[in-house]
Amino acid sequence: MPKSTAKALGVVIWTKGASPCDCRAIIWCEDQGDLALFDSREDGLGLSEPLKEGDLVQFDLAQVSSQRRARNPQKLVRHCFSGLVDALRPVSRPLGLAPVGNVVPFPGR
53 MPKSTAKALG
63 VVIWTKGASP
73 CDCRAIIWCE
83 DQGDLALFDS
93 REDGLGLSEP
103 LKEGDLVQFD
113 LAQVSSQRRA
123 RNPQKLVRHC
133 FSGLVDALRP
143 VSRPLGLAPV
153 GNVVPFPGR
């Protein structure tokens, strides 16, 4: 059961599934908080077409356990931000890699 719900806007940054009945997506939310997950099998009612990267959507934002879920998304503008993912990729920070061999590095030595 969701803890709370609120209306939110977001941009779809990843999708999987070619039909409205089997569509999964990750949505970057306007509040710059954690990303919201969408799964049409659990969260969608009446999608006429699957969500696509770059779509601007309005949805009910629900906190379910440790996940933010996008429920009942409605497309406001199709492909509005279609280049967003490619624009973000070069400015993203690489993940730090753990030292090899279980060795703890000492700075300055």
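Per the working numbering, the sequence shown starts with residue 53, numbered consecutively.
A virtual CB, placed ideally from N, CA and C, is assigned to each residue, including glycine.
Bear in mind that the values here come from a model prediction, so they are computed numbers and not experimental data.
Nonlocal neighbours in the same chain, by C-beta distance under 7 angstroms from residue i, ignoring five residues either side
i	result
L136	V63, I65, G106
Beta carbon of residue i nearer than 8 angstroms to that of residue j
i	j	result
Q110	L89	no
T67	A58	no
C165	L108	With the chain represented from 53 up to 161, any question about residue 165 goes unanswered, as that position is not in the structure.
C81	L113	yes
D83	R121	no
L99	P72	yes
Of the residues the options, the one placed nearest residue i, counting alpha carbons only
i	options	result
L87	V116, F158, A70	V116
Buried versus exposed, by CB contacts within 10 Å (16 or more), residue i
i	result
G140	The question names Gly, but residue 140 is Leu in the sequence shown. Exposed: under 16 other Cβ atoms inside 10 Å.
A60	buried
P159	exposed
Sequence-distant residues of its chain with Cβ nearer than 8 angstroms to residue i (five each side left out)
i	result
S92	G69, P72, C73, D74, C75, R76, L99, P102
Chain D contact for residue i (CB, 8 angstroms cutoff)
i	result
P72	You won't find chain D in this structure, because it holds only one protein chain.
Contacts around residue i, its chain only, beta-carbon distance under 6 angstroms, and the 5 residues preceding and following it disregarded
i	result
F133	V63, G106
R130	D107
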